[in-house]
Structures are given as C-alpha cells and as structure tokens.
Amino acid sequence: MKLLVCISKAPDTTAKIAFTDGNTKFDENGVQFIVNPYDEWYALVRALELTEANGGTVTTITVGTNSDDPTIRKALAIGATDAVRIDAVPKDAYYVANQIASYAKIHGYDIVMTGKETINYNGAQVGAMIAEILDQPFVSLATKLDLQENTATLERDVSGGVEIVEVSTPFVLSAAKGMSEQRIPNMRGIMAARTKPLQVIEPVASEELTSVVSYSMPDSKAACKYVDAENAEELIHLLHTEAKVI
Amino acid sequence: MSVLVFVESKNGKAVKAGLEAISYGKRIGDTTVITFGSASTEDLAAMGKYGAAKVLVCRSINEVNDQQLTKLIAAAVDDTNAETIVLAQDPTGKAIGPRVAARLGAGHVSSAVDIPDTSNNGFVVKTNVFSGKAFAHVAVNTAKKVIAYTPNSLPVNSEESTAEVMEFSPDVNTGGITVKERKLQEGSVAPLPEAELVVSAGRGLKGPENWGIVEDLANSLGATTACSRPVADIGWRPHHEHVGQTGIAIRPNLYIAAGISGAIQHLAGVNGSKTIVVINTDPEAPFFKAADYGIIGDAFEVLPKLTEAIKKFKASNN
Ligand SMILES: Cc1cc2nc3c(=O)[nH]c(=O)nc-3n(C[C@H](O)[C@H](O)[C@H](O)COP(=O)(O)OP(=O)(O)OC[C@H]3O[C@@H](n4cnc5c(N)ncnc54)[C@H](O)[C@@H]3O)c2cc1C
Ligand SMILES: Nc1ncnc2c1ncn2[C@@H]1O[C@H](COP(=O)(O)O)[C@@H](O)[C@H]1O
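Protein chains in written order, with our numbering: chain A, 343 to 588; chain B, 2 to 319.
Dropping the structure here:
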C-alpha cells in the first residue's frame with residue numbers, strides 16, 4: 343500500500359494574529375509553527391496505522407520552502423517513511439493542488455490524504471482540487487477509514503449527520519476529527535527522523551488563480567454587559583429588545 | 002452578471018445553507034439555481050422568494066457523489082453561461098466547490114462573508130481566515146469564479162416571486178463514491194453549522210449527568226446544543242457537538258456558553274457569532290472579554306432560571 347499524506351505548517355493555535363507590509367503579509371514575528379493539526383492528528387496517524395497493519399509506505403508531501411523542514415521532520419518523527427518537499431512558496435490552493443497532483447500522477451498512490459483544512463487560511467480547498475486534477479473520487483471530512491483490498495469504507499461528516507460511503511482505490515480524502523488519536527513522537531522516532539529521506543524537488547509551472555490583496559481584523563467588541571445572576575429575565579429582555587436575536 | 006447557485010437537497014428538501022446561497026447570488030446578479038433530487042416542483046419554484054429566477058433540477062441524482070455533482074454543475078455552467086458560481090461553505094460545498102473550480106480553471110474563494118467588491122474592474126471577496134480571527138480580501142484573477150459563501154453572514158432575501166423550474170438531465174454518468182448509509186441527527190432542531198441559536202457548555206458542568214439543564218434551556222429556545230473540546234474528548238458529549246478551532250466553526254445569531262473558560266482555540270470557532278452570552282463563576286474567565294452579555298454565576302443555578310424566563314417570555318409573546 344502506498345499512501346501520500348499532504349502536510350502543511352500552520353501557526354500555533356495560540357499565536358497572535360497580526361499583519362505587516364501594509365496589511366498584506368502575515369506577521370511571522372515570534373510565531374511558532376506546528377504541523378497543521380488535521381494533517382498530523384488525523385491524516386498522518388491513520389495512514390501510519392493502516393500501513394502498520396497491512397504493510398506499505400507513508401510518504402509526506404509539502405509545498406513550501408526550507409522553513410517548512412522542522413514540521414516535515416516532526417511528521418517523520420511520528421513515523422512517516424519518507425518526505426518530499428516541493429520547493430516553492432505556496433501561492434493559492436490551486437497552485438498547491440497542482441504541485442501535489444503532478445507528483446502523485448507520476449508516482450501513483452492508493453490514497454492521497456489531506457487534512458480537513460489548514461487552520462490559517464481555512465480554505466478546505468486543496469484536497470478536492472487534487473482529486474479533480476487526478477480525476478479521482480474525493481471523500482471529504484472523513485472521520486473513519488477502513489480498507490479491505492482495494493475497497494475502502496469511510497464515514498464522513500455531512501450537514502446534519504454522517505454518511506457511510508464506499509469507494510475503490512485510488513482516491514483522495516480529507517481527514518477530520520475521529521479518524522485517529524494524536525501521537526506524540528518518542529525519542530527513537532525523533533532520532534530516526536534525522537536520517538530519513540527528505541527529497542526536495544522543483545515545482546512545475548502553474549498559474550495563480552487567486553491572490554490575497556490585503557488582510558483586515560474584525561471590529562473590536564464593545565465591552566461585555568453584565569447582568570445579575572438573579573435577574574435572568576433582564577437578560578432575556580436584552581436579547582429580545584437590544585440584541586434582537588430571540 | 003449571470004450567477005449559478007448550487008443548492009443541495011436532502012430528503013426532498015433544499016438545505017437552509019443552500020437557500021442562503023441563493024440570496025447571496027441574487028446580490029451579485031441574475032441567479033439560476035442548479036439542484037438535484039426529489040423536491041416537488043412547487044417547493045423548487047418557491048426558491049424565487051430567495052432570489053432565483055430559474056431552477057434547473059436533475060432528477061436522476063439523489064446523493065452526494067462529488068464527481069457526479071461536479072459534472073452536473075459544469076454542464077449547468079455551460080447551459081447558463083454563468084460567470085460566477087456560488088455554493089454554501091458547508092460539508093457538501095467543501096467537497097464540490099474547489100473541484101468545480103479546478104475543472105473550470107476558475108479561481109475559488111472559500112468562506113466568503115460579503116459580496117465581491119468589483120470596483121476598479123476588480124473582483125475581490127472578503128473571506129474568513131485564521132479561524133475567524135481575521136479577514137483576507139482575495140482577488141480572483143480568472144474569467145470564471147467560484148465562491149463558497151459562509152452561511153449567516155448576510156441577511157436573507159425575501160420577495161414575492163416564484164422561479165421557473167426546468168428539468169435538467171445532462172450526462173452525469175460516473176463511478177466513484179457510493180453512499181451505503183446515511184445517519185442524520187434526530188429531532189427538529191437545526192444541525193450545528195446551520196443553527197441560529199446555540200446553547201453550549203464546558204467542563205464547568207462537571208459531568209455528563211448534568212447536561213439536562215443545558216438541554217432544557219436549548220429546548221425552550223429551540224436551540225442546538227454544542228460543547229467545548231475536552232467535553233467531547235472525555236466522552237461527555239458526542240464529537241459532532243465540539244465547536245472551536247479543531248471542531249466545527251459556527252456563527253449563529255446567539256451563542257450561550259456556560260462553564261466554558263473561553264480558551265483562544267474555543268473562541269476561534271465561535272467568535273463569528275452575532276451575540277455571545279457567557280455564564281461563568283469566575284469573573285476573570287477570558288470568555289467575558291469576547292462576550293456581549295455576561296452573568297457571573299453558577300451555571301447550575303443560572304441555566305434553570307434562564308429556561309424559566311424563556312418559557313415566560315414565549316408564553317407572553319404568543
Ligand atoms: C491545538 C489545540 C486545539 C484546540 N481546539 C479546541 C477547540 O476546537 N475547541 C475547544 O473548545 N477547545 C479546544 N482546545 C482546548 C482549549 O485550549 C481549552 O482547553 C478548552 O476549550 C477548555 O474547555 P472548557 O472551557 O470546557 O474547560 P475549562 O478550561 O476547564 O473551563 C471550565 C470553566 O468553567 C467554569 N466553571 C466551573 N464551574 C462552573 C459553574 N458551576 N458554573 C459556571 N461556570 C463554571 C470555570 O470557571 C472555567 O472557566 C484546543 C487546544 C489545543 C492545544
Ligand atoms: N502547502 C501545502 N503543502 C502540502 N499540503 C498542503 C499545503 N496546503 C494545504 N495542504 C493540504 O491541504 C489540506 C487543506 O488545506 P486548505 O485547502 O488550505 O484548507 C491541508 O490540511 C493539507 O493536508
């Protein structure tokens with residue numbers, strides 16, 4: 343079994359969000375980067391579980407610069423077999439998807455796994471685009487994945503509930519909560535990761551279909567209005583007449 | 002501008018987020034809907050109220066197969082010459098929108114919260130990024146555009162109008178995914194991503210046996226219940242109730258949070274809510290900084306009082 347897991351870096355969930363260069367760039371100053379939680383906790387760990395049970399390899403792929411290498415090493419420490427980095431600044435989702443799909447097309451994988459979304463740009467775009475470029479089915483928001491020969495059974499989140507779907511390999515999925523549990527890399531994993539192959543390759547030519555013009559911040563909230571704990575009716579009154587939400 | 006809006010239908014009914022997407026499309030231009038399934042012609046014509054001039058319906062499709070729906074939407078784009086394609090940013094929209102965009106060579110924008118700014122011949126869409134902590138203004142550089150609209154961001158259109166309904170049956174033959182089973186949540190309340198009223202609780206509730214007071218308040222309001230992550234992780238509540246950065250991001254009109262501290266990762270998923278009410282024993286709880294209304298008090302006492310007050314309010318308003 344050959345699995346390809348798409349890994350991106352994301353600012354730590356407690357990072358302060360600020361922008362520089364006239365609000366056109368995310369301010370990375372003092373920001374800690376982590377592996378995007380959906381990629382790490384769910385996609386990568388489930389891929390490892392499947393290959394541990396059935397044999398096979400887990401390759402991670404990242405579109406990024408050498409500033410991504412620490413997060414890639416983390417994925418290797420958790421247990422990935424090897425890693426590929428496409429040496430380019432990820433422009434938009436289509437650019438990233440095109441890079442990954444081009445690589446996947448040449449090498450052939452049973453399943454290409456992405457996270458549900460990146461927690462910085464929250465696009466939830468890359469997985470579906472890879473699937474279209476590869477002309478393969480896409481199972482989005484998968485929360486369970488089991489494999490029997492070439493047939494996969496998955497559970498996925500849909501609005502208002504869940505669905506159980508069946509699909510044959512090869513296919514693409516995006517992983518959401520439920521798929522597996524977070525794994526903390528151990529010392530042996532961390533040591534081994536240092537010598538595991540991390541191949542750096544050149545990007546293919548691809549267009550940029552969208553571009554960020556600028557960023558802005560939400561208006562800051564007015565101060566909280568306190569209501570006495572004994573006075574529930576006052577709150578209901580405010581919600582009705584002032585906030586107009588009930 | 003010609004706009005095509007994809008609306009998902011479930012058990013013969015259009016999903017609410019899809020109807021909101023029609024209203025969004027109507028703000029941009031002349032709107033045609035593409036939908037599927039078994040909804041009655043009357044129900045489909047009623048999409049006119051939200052702003053649809055025409056509804057194309059494919060009767061041979063009954064479930065979400067991303068490849069099939071992508072073919073369907075692409076065929077409808079050809080048929081209508083639509084320049085802008087709108088979907089709801091919901092589970093189905095996420096599975097299909099980017100796929101349609103890649104097929105059409107169109108730029109895709111997700112989490113749109115406002116209509117495109119087309120000044121200076123541009124096309125720039127305001128979107129939610131960093132889990133709602135900031136906005137990005139995204140320019141689409143292609144002739145065709147695909148926009149995934151974040152439900153509950155703009156008011157819904159309402160006009161006295163019915164849409165023209167037409168059967169639409171392009172070739173959508175494809176393999177791919179087969180849906181084996183569908184388990185939709187029971188009950189009449191809206192699913193969390195679509196809910197306008199949400200009552201949520203955290204570790205301050207001490208144990209799953211205490212959730213009765215949370216459910217009572219939700220029931221009295223007609224609200225959907227939610228929870229913080231640790232509560233779902235320890236199994237007090239089901240995973241689909243977990244809101245926040247790593248759970249579901251919601252933006253209801255009203256979010257009531259009891260016994261939740263307001264950690265940054267929790268706020269990331271709820272700070273798009275129009276009105277936030279926080280109930281916490283600790284006056285220093287960070288959640289109060291993000292709240293519109295706060296009650297410093299014990300959830301075990303405050304929640305039943307709120308339920309009573311709501312019941313009284315509803316009774317006197319009827
Ligand atoms: C990478 C990452 C991602 C995360 N993602 C999420 C996420 O998506 N969603 C999420 O929720 N969390 C998330 N977390 C966890 C988050 O950091 C917090 O730990 C969590 O939100 C705390 O949950 P809580 O508020 O229910 O519990 P606590 O922090 O334990 O807070 C309980 C609160 O209840 C109050 N309280 C106690 N008794 C009462 C009473 N009787 N009446 C009223 N109030 C009372 C206390 O004063 C306290 O403020 C994430 C963490 C990380 C590291
Ligand atoms: N630069 C990148 N390199 C590799 N994978 C990525 C990159 N950006 C996004 N992905 C993958 O695509 C998923 C969805 O990302 P997004 O569409 O940006 O929300 C992520 O969870 C990753 O698995």
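Cβ coordinates follow ideal geometry from the N, Cα and C atoms, glycine included.
The model shown is predicted, which means the values in this text are computed figures rather than measured ones.
Compute every distance between the C-beta of residue 432 of chain A and the non-hydrogen atoms of ligand 2, then say whether any falls below 7 Å. yes
Hey, does residue 408 of chain A have any beta-carbon neighbour from chain B nearer than 8 Å? Not an interface residue.
Do residue 85 of chain B and residue 9 of chain B have their C-beta atoms closer together than 8 Å? no
For residue 475 of chain A, which residues in the same chain have their Cβ closer than 7 Å to its Cβ, ignoring the five residues on either side in sequence? 439, 440, 443
Between which two residues does the beta strand (DSSP E) carrying residue 431 of chain A extend? It is not in any beta strand (DSSP E) - residue 431 of chain A carries neither H nor E in the DSSP assignment.
Along the chain, where does the alpha helix (DSSP H) containing residue 583 of chain A start, and where does it finish? 574-583
For residue 471 of chain A, count neighbouring Cβ atoms within 10 angstroms of its own Cβ and tell me buried if that reaches 16, exposed if not. Residue 471 of chain A sits buried, since 16 or more C-beta atoms from the chains shown fall within 10 Å of its C-beta.
Please say whether residue 57 of chain B and residue 77 of chain B have beta carbons closer to each other than 8 Å? yes
Taking the beta carbon of residue 501 of chain A as the centre, do at least 16 other beta carbons fall within 10 Å, making it buried, or is it exposed? buried
Helix or strand or just coil, what does DSSP make of residue 314 of chain B? helix
Cβ of residue 375 of chain A versus every heavy atom of ligand 1: is any distance shorter than 7 Å? Every heavy atom of ligand 1 is 7 Å or more from the Cβ of residue 375 of chain A, so no.
Does the distance from the CB of residue 459 of chain A to the CB of residue 380 of chain A come in under 8 Å? Going by C-beta atoms, residue 459 of chain A is nearer than 8 Å to residue 380 of chain A.
Tell me, to the nearest whole angstrom, how far the beta carbon of residue 178 of chain B is from that of residue 509 of chain A; I am working on the premise that it is less than 8 Å. 5 Å
Cross-chain neighbours of residue 296 of chain B in chain A, by beta carbon under 9 Å: Under the 9 Å cutoff, chain A gives 568, 569, 570, 571, 573, 574, 577.
Closest by CA to residue 545 of chain A, which one among A:421, A:398, A:405, A:363? A:405
Buried or exposed for residue 95 of chain B, please, with buried defined as at least 16 other CB atoms from any protein chain shown within 10 angstroms of its CB. Counting of Cβ neighbours within 10 angstroms places residue 95 of chain B among the buried residues, the total reaching 16 or more.
Selection from B:103, B:162, B:311 that minimises the alpha carbon distance to residue 578 of chain A: B:311
Kindly list, in the order they appear in chain B, the residues whose Cβ is closer than 8 Å to that of residue 475 of chain A. 103
Going by beta-carbon coordinates alone, are residue 33 of chain B and residue 15 of chain B separated by less than 8 Å? no
For the stretch 49-62 of chain B, which residues have a CB atom closer than 9 Å to at least one CB atom of chain A, in sequence order? none
Does the count of Cβ pairs from the stretch 568-584 of chain A and the stretch 114-131 of chain B closer than 8 Å reach three? The stretch 568-584 of chain A vs the stretch 114-131 of chain B: no contact.
Ligand 1 site residues, beta-carbon cut 5 Å against heavy atoms: A:355, B:203, B:204, B:205, B:229, B:230, B:231, B:245, B:246, B:247, B:248, B:260, B:261, B:262, B:264, B:266, B:267, B:281, B:282, B:283, B:286, B:299, B:300
Which residues mark the beginning and the end of the beta strand (DSSP E) in which residue 8 of chain B is found? 3-8
Suppose only complete runs of 3+ residues qualify. What are the beta strand (DSSP E) ranges in the stretch 382-439 of chain A, listed by chain order? 399-406, 424-429
Nearest-angstrom Cα separation, counted from residue 250 of chain B out to residue 5 of chain B: 26 Å
Contact set between the stretch 257-287 of chain B and chain A, restricted to residues whose Cβ is under 8 Å from the partner: 265, 266, 269, 272, 275, 276, 278, 279
Using a Cβ cut-off of 8 Å (strictly closer), state whether residue 108 of chain B contacts chain A. yes
For ligand 2, is there any heavy atom lying closer than 7 Å to the beta carbon of residue 465 of chain A? yes
Anyone know if the C-beta pair for residue 293 of chain B and residue 585 of chain A falls short of 8 Å? yes
Any chance you could list the beta strand (DSSP E) runs of at least 3 consecutive residues sitting entirely within the stretch 206-291 of chain B, in chain order? 225-228, 255-259, 276-281
According to DSSP, is residue 380 of chain A helix, strand or coil? Three-state result, residue 380 of chain A: helix.
Looking at C-alpha atoms only, which residue of B:120, B:111, B:124 is the closest neighbour of residue 133 of chain B? B:111
Quick check on residue 349 of chain B - is its C-beta less than 8 Å from some C-beta in chain A? No answer is possible for residue 349 of chain B: it lies beyond the span of chain B, which begins at 2 and ends at 319.
For a contact defined as C-beta to C-beta under 7 Å, what are the partners of residue 132 of chain B on chain A? Chain A residues near residue 132 of chain B: 461, 464.
Answer yes if the stretch 219-238 of chain B comes into contact with the stretch 535-553 of chain A, meaning at least three C-beta pairs across the two stretches below 8 Å, and no otherwise. no
Using a threshold of 7 Å, is the CB atom of residue 385 of chain A nearer than that to any non-hydrogen atom of ligand 2? yes
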